[in-house]
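Scroll down for the structure; my scribbles are underneath it.
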Amino acid sequence: MDRLEQQMQFILEVDKLKKITRQTYLADGSRKEDDADHSWHLALMCALLSEHANEPIDVLKTMKMVLIHDIVEIDAGDTYAYDNSGNETKRAREEKAADRIFHLLPADQAEEMRSLWEEFEAADTPESKFANTLDKVQPLMLNDASGGISWQEHKVREEQVRSRNVTTKDGSKNLWDYADGLIRKNVENGNLK
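One gets this note's numbering by counting positions in the sequence shown from 1 and adding 24 to each.
Structure, rendered in structure tokens:
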């Protein structure tokens, strides 16, 4: 298979992201978002909010990272943030998926995409810290905008949200302060217990 054919096969494969439903609702509460919605939203947030990163970042690299970070969910499925048992097997399922999906690409691009995915997972570079901050803040923002529908459906508690966001400030103190305000607001209005 030539290079272009491999790239096109990968692009067709990742079209499946549009079918991976997440637990977070769109801002208007009309439906749950899918992984493609989520990844696009994070990429746009990166383009617009990069000035709020704690450290200078390579915006294009970070945008690539957020665009591909959930590709593994095509095989591994979306694991809800507050699903303790699902999170126990998440890494193994996602590694297996990464091995298959990224290797649909030509070797050099497969290596780049896998490396970006691993960097996102490690959250130890300025880009991956900021990418993870966006990945945490976006669902908070949508939960707030939709009246906390997902939080209410899953009986999510404030301490669960705070525990999940313990490193959010590592990528952006400004975005963490914004998210913290959303958490406080939703505790006060009863969306978070």
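The C-beta atom is built at its ideal place from N, Cα and C for all residues, glycine as well.
Legend entry - Candidates R46, G195 and N210, of which the one nearest E182 by Cα: N210
Inset, instruction - Output the distance between the C-alpha atoms of R117 and A100, rounded to the nearest integer angstrom. - result: 5 Å
Legend entry - Beta bridge counterpart(s) of D58 as assigned by DSSP: T45
Inset, instruction - Check Y202 in the structure and name its three-state DSSP category. - result: helix
Inset, instruction - Please state whether DSSP places V83 in a helix, a strand or coil. - result: helix
Inset, instruction - Output the boundary residues of the alpha helix (DSSP H) element that contains V96. - result: Looking at the DSSP string, V96 is not in any alpha helix (DSSP H), and its letter there is neither H nor E.
Legend entry - C-alpha distance - E151 paired with M89, whole-angstrom precision: 8 Å
Legend entry - Residue range of the alpha helix (DSSP H) that includes W157: It is worth fixing the name first, because residue 157 is Thr in this sequence and not Trp. Looking at the DSSP string, the run of the alpha helix (DSSP H) that includes T157 is P150 to A169.
Inset, instruction - Measuring alpha carbon to alpha carbon, tell me which of S74, V38, K160 and L84 ends up nearest T192. - result: K160
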